[in-house]
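A.B. asks:
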Amino acid sequence: MCGIIGYNGKENAIPIVIDGLKNLEYRGYDSSGIAYFHNDKIKIIKEKGRISELEKILDDDKSTLCIGHTRWATHGKPSRVNSHPHASGEITIVHNGIIENYASLKEDLISKGYKFLSETDTEVAAAMIDYLYKEEKNKLKVLEKLEDVLRGSYALLILFRDDKDTIYALRKGSPLIVAKSKTGNLVASDIPAILDYTKDYYLLDEGEIAIIGKKDIKFYREEKEIKKELLTFKFDIGSAKKEGYKHFMLKEIYEQPKVIKNYLEHYLNNMDLIPDLSLYEKIHIVACGSAYHAGLIGNYLFSEYGDIEASCFVASEYRYKKNFINDKTLVILISQSGETADTIASLRLAKESGAKTLGIVNVVGSTIARESDEVIYINAGCEIAVATTKAYTLQVLTLSLCAYKLGLIKGKIDKQLEKELKVSYKNLPKEIEEILKLDYKKYATKIAKSKNVFFIGRLLDYYICEEGSLKLKEISYIHSETYPAGELKHGTISLIEKNTPVIAVITDKKIAEKTISNIKETRARGAYTLVLKQKDIEISHDIYDDVIEIEELSDLVSSILTIVPLQMLAYYVADSLGYDIDKPRNLAKSVTVE
Ligand code: F6R
286 MCGIIGYNGK
296 ENAIPIVIDG
306 LKNLEYRGYD
316 SSGIAYFHND
326 KIKIIKEKGR
336 ISELEKILDD
346 DKSTLCIGHT
356 RWATHGKPSR
366 VNSHPHASGE
376 ITIVHNGIIE
386 NYASLKEDLI
396 SKGYKFLSET
406 DTEVAAAMID
416 YLYKEEKNKL
426 KVLEKLEDVL
436 RGSYALLILF
446 RDDKDTIYAL
456 RKGSPLIVAK
466 SKTGNLVASD
476 IPAILDYTKD
486 YYLLDEGEIA
496 IIGKKDIKFY
506 REEKEIKKEL
516 LTFKFDIGSA
526 KKEGYKHFML
536 KEIYEQPKVI
546 KNYLEHYLNN
556 MDLIPDLSLY
566 EKIHIVACGS
576 AYHAGLIGNY
586 LFSEYGDIEA
596 SCFVASEYRY
606 KKNFINDKTL
616 VILISQSGET
626 ADTIASLRLA
636 KESGAKTLGI
646 VNVVGSTIAR
656 ESDEVIYINA
666 GCEIAVATTK
676 AYTLQVLTLS
686 LCAYKLGLIK
696 GKIDKQLEKE
706 LKVSYKNLPK
716 EIEEILKLDY
726 KKYATKIAKS
736 KNVFFIGRLL
746 DYYICEEGSL
756 KLKEISYIHS
766 ETYPAGELKH
776 GTISLIEKNT
786 PVIAVITDKK
796 IAEKTISNIK
806 ETRARGAYTL
816 VLKQKDIEIS
826 HDIYDDVIEI
836 EELSDLVSSI
846 LTIVPLQMLA
856 YYVADSLGYD
866 IDKPRNLAKS
876 VTVE
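In terms of this note's numbering, the sequence shown opens at residue 286 and continues consecutively.
#1: So does the region 621-637 actually touch the region 507-520, counting three or more Cβ pairs closer than 8 Å?
#2: Could you tell me which of F445, I617, K704 and P300 sits nearest to A635, measuring between CA atoms?
#3: Decide yes or no for the touch test of the region 526-546 against the region 569-583: beta carbon pairs closer than 8 Å, at least 3 of them.
#4: Within 10 angstroms of the Cβ of Y605, are there 16 or more other Cβ atoms? Answer buried if so, exposed if not.
#5: Select from I319, N664, A640 and I749 the residue whose C-alpha is nearest the C-alpha of N647.
#6: So what does G458 bridge to, in DSSP terms?
#7: Tell me where the alpha helix (DSSP H) around H551 begins and ends.
#8: With a cut-off of 8 Å on the beta carbons, I'd call R312 and S844 a contact; round off their distance for me.
#9: Could you say if the region 529-536 and the region 483-498 meet the contact criterion of at least three C-beta pairs nearer than 8 Å?
#10: Return the residue from the list V649, G650 and K567 that minimises the CA-CA distance to N611.
#11: Who are Q819's beta bridge partners in DSSP?
#12: Determine which residues share a DSSP beta bridge with N470 and list them.
#13: For the ligand F6R, I want to know if C667 counts as a neighbour, meaning its beta carbon is within less than 8 Å of at least one of the ligand's heavy atoms.
#14: My output table needs one value for V245: the three-state DSSP class, helix, strand or coil.
#15: Under a Cβ-count criterion, where at least 16 other Cβ atoms within 10 Å of its own Cβ denotes burial, should I833 be classed as buried or exposed?
#16: Measure the CB-CB distance between K457 and E432 and report whether it falls below 9 Å.
#17: Grab me the residues of S588's own chain with a C-beta within less than 8 Å of its C-beta, minus the 5 sequence neighbours each way, in chain order.
#18: May I have a chain-ordered list of the alpha helix (DSSP H) segments no shorter than 4 residues that lie completely inside the region 392-448?
#19: Just grab the DSSP bridge partners of Y453 for me.
#20: Taking the alpha helix (DSSP H) that A595 belongs to, which residues open and close that run?
#21: Considering only DSSP beta bridges, list what E769 is partnered with.
#22: What span of residues does the beta strand (DSSP E) with F322 cover, start to end?
#23: Is the beta carbon of I352 within less than 8 Å of some heavy atom of the ligand F6R?
#24: Just list the residues that DSSP pairs E510 with in beta bridges.
#25: Could you tell me the alpha carbon to alpha carbon distance between D658 and G644, rounded to whole angstroms?
#26: Which residues bound the beta strand (DSSP E) around N381?
#27: Whole angstroms are fine: how far does the CA of Y857 sit from the CA of D699?
#28: Report the residue ranges of all alpha helix (DSSP H) runs contained in full by the region 564-588; include only those spanning at least 4 residues, in chain order.
#29: Say the cut is 8 Å; is the CB of K874 nearer than that to a heavy atom of the ligand NAD?
#30: Can you tell me whether DSSP reads V649 as helix, strand or coil?
#31: Nearest to D501 by CA position, among Y762, A812 and K295, is which residue?
#32: Check each residue's C-beta against every heavy atom of the ligand F6R and list, in chain order, those closer than 5 Å.
#33: If you count every other CB in all the chains shown that lies within 10 Å of the CB of F888, and 16 or more means buried, which is it?
#34: Using a Cβ-Cβ cutoff of less than 7 Å, which residues in the same chain neighbour D831 once the five nearest sequence positions on both sides are dropped?
#35: Pick out the complete alpha helix (DSSP H) segments inside the region 663-727, 4 residues or longer, and give them in chain order.
#36: Touch check for the region 757-766 and the region 724-744: three-plus C-beta pairs under 8 Å?
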């Protein structure tokens, strides 16, 4: 949440920072701003709205040092005054994260004579740094001290008015990377911001400070200089660009056959990279949002194929409850970004309780990847659209491979089944390509007119419905609810009116008849029914208005195919309504606040 970037070097830093902000806009887009040295003074320009609004008010100034920020509001509504950078006395900062004790610090600083213009916690942090600097005079010591003073999570870029050649950066709980390009040094909250200039970067660790000069970068921990390893970003730079698609979301949906194929080639041929889950007595899967929906599927597959006690939890709940875990428990943390605050907290809690932890992560070197005992990278490449698609399917695929390996070890998958499953995995990318060829617009226009949509399914189909419904809600702003198909009649069916869309998923032959009965119940009350089903499941024409058919695949794999039409449907509904699909209102890509 919030994107930050800084450049210090030989070039004009302002366009570099503006470009970087555009590449980070998916992290937050309520408002943006920059600060740079101009005639030995720090000049701040900021504006509410998208970065294009900021560009309209830029001067022709040039500066070789600049920091910038794109905001996802936490403290105070989106407005120019609440936008970053914030300045106080000698100090100007941009900030990602939340300062939890800002209210008491603010009171204290007001009593010391500080005045505040904004409602933000960030302005309080700026004033606090200014206060400490006036007391202490030593910049490094002041920054080291911050860890004791500021509670919460933060990544900060700091400019001191008396040092026009340096950006100071530090992190606690929010990611920051530092990079060297041919013309200077960069610092950012996320890789896409720097990819136009370099692929090599340093990852700032918890409690570390970077002092970024025009040539040199120095790293410190506990006031001692430290050496850090230079890392290389391995994915295509192209993967952070739209490449002709109208939206990143559409591009990422279409990328799925390719990333899944690459993933399977890598992991199916190297099954030793998939951990042996049979070593544990029980498994907890912990995640948020779509990653949690992926976890629901994994949870089901682990029980079915691995005969193991598995449970799936929303991270923001898990971290506050008794979990009864010990060293025989494996806690699996699923996260695209690897930086989701509640998932990180759950990971730390699991480790403290003695459990083993496995991270299923996309962003290389992210906090969850680094702090988990083991990590499986899903290798989705950059996912820019706020609504996740390819990362979600790869999360499900990873859990599927874990269940597959568990089934082999536990003898639940015999030779014959193993052969069939391999065929299912192999066919998956091709089947996704086929399903992508269908025309979704014709269904989308019917759904786009509605105020409420219902998704129903049983077991795996229900978990898929949860994800399909979230996709629709987050980008089309149409209210939708998901129910286990048998549950609707216990209350919610009262909401079904003439033409209310009911999207029903049926891929499990064993329980298809039951779901079919539930579809009939909604149709009898006037619902428009769109059925998404496997080809081999027979249904009569009088239960649906429209039908989308997908190939029959093993249940270890089928969910990955089933979600694709629902992703496409959500996309085309939102597109037909003219919404900004990659940047839905109120959302941000990486949820680094609790
Ligand atoms: C929805 C979506 C979110 C994320 C959730 C977890 O499309 O993207 O629900 O799945 O915020 O994020 P990560 O996976 O980064 O932990």
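The C-beta atom is built at its ideal place from N, Cα and C for all residues, glycine as well.
C.D. replies: In this structure, then:
#1: no
#2: Counting from 1 along the sequence shown, the entry for residue 635 is found at position 350. Of the listed residues, the one whose Cα sits closest to A635 is I617.
#3: no
#4: Position 320 of the sequence shown holds residue 605. It counts as exposed.
#5: If you number the sequence shown from 1, residue 647 lands on position 362. Nearest to N647 by alpha-carbon distance, out of I319, N664, A640 and I749, is N664.
#6: Translated into positions along the sequence shown, residue 458 becomes position 173. Paired residues: Y439.
#7: Taking the first residue of the sequence shown as 1, we reach residue 551 at position 266. Its alpha helix (DSSP H) spans residues Q541 to L553.
#8: As a working mapping, residue 312 is identified with position 27 in the sequence shown. As a working mapping, residue 844 is identified with position 559 in the sequence shown. The pair is not a contact, with the Cβ atoms about 29 Å apart (cut-off 8 Å).
#9: Segments in contact, no.
#10: Looking up residue 611 in the sequence shown gives position 326. The shortest C-alpha to C-alpha distance from N611 to any of V649, G650 and K567 is the one to K567.
#11: Walking along the sequence shown from the start, residue 819 turns up at place 534. Q819 pairs with I835.
#12: As a first step, residue 470 is located in the sequence shown; it is residue number 185 there, counting from the start. DSSP output for N470 lists N293 and K465 as bridge partner(s).
#13: Stepping through the sequence shown from its first residue, residue 667 is reached at position 382. Outside the cutoff, so no.
#14: Nothing in the structure corresponds to residue 245, since the chain is present only between 286 and 879.
#15: Position 548 of the sequence shown, counted from the first residue, corresponds to residue 833. I833 should be labelled buried.
#16: Counting from one through the sequence shown, the residue named residue 457 turns up at place 172. Counting from one through the sequence shown, the residue named residue 432 turns up at place 147. Yes, the pair counts as a contact, with Cβ atoms nearer than the cut-off.
#17: Here residue 588 corresponds to residue number 303 of the sequence shown, with the count starting at 1. If we look at S588 and ignore the five residues flanking it on each side, its Cβ neighbours are E594 and A595.
#18: 406-421 and 424-434, all fully within the region 392-448.
#19: If you number the sequence shown from 1, residue 453 lands on position 168. According to DSSP, Y453 bridges with I443 and I496.
#20: Counting from 1 along the sequence shown, the entry for residue 595 is found at position 310. Note, A595: premise wrong, no alpha helix (DSSP H); beta strand (DSSP E) at E594 to V599.
#21: Taking the first residue of the sequence shown as position 1, residue 769 is located at position 484. The displayed chain sequence assigns Pro, not Glu, to residue 769. Per DSSP, G742.
#22: Working through the sequence shown from its first residue, we reach residue 322 at position 37. That run of the beta strand (DSSP E) goes S316 to H323.
#23: The residue labelled residue 352 in the question sits at position 67 within the sequence shown. No - the ligand F6R has no heavy atom lying nearer than 8 Å to the Cβ of I352.
#24: The count along the sequence shown starts at 1 and reaches residue 510 at position 225. According to DSSP, E510 bridges with Y505.
#25: Indexing the sequence shown from 1 puts residue 658 at position 373. Indexing the sequence shown from 1 puts residue 644 at position 359. Roughly 8 Å separates the two Cα atoms.
#26: Here residue 381 is taken as the residue at index 96 of the sequence shown, counted from 1. Where N381 is concerned, the enclosing beta strand (DSSP E) stretches over I376 to I384.
#27: The count along the sequence shown starts at 1 and reaches residue 699 at position 414. The count along the sequence shown starts at 1 and reaches residue 857 at position 572. Their Cα atoms are separated by approximately 42 Å.
#28: For the alpha helix (DSSP H) assignment, the region 564-588 encloses no uninterrupted run of at least 4 residues.
#29: Looking for the ligand NAD in the displayed structure turns up nothing; the ligands present are the ligand F6R.
#30: Within the sequence shown, numbered from 1, the residue matching residue 649 stands at position 364. V649: coil per DSSP, three-state reduction.
#31: What you label residue 501 is simply residue 216 of the sequence shown in a count that begins at 1. The candidate whose alpha carbon is nearest that of D501 is K295.
#32: C573, G574, S575, A576, S620, Q621, S622, T625, A672, T673 and V876
#33: The structure shown does not extend to residue 888, since the chain is modelled only from 286 through 879, so no value can be given for it.
#34: Counted from its first residue, the sequence shown places residue 831 at position 546. Same-chain partners within the cutoff: Y728 and L815.
#35: Whole alpha helix (DSSP H) segments, 4+ residues: 675-694 and 700-721.
#36: Touching, per the Cβ criterion.
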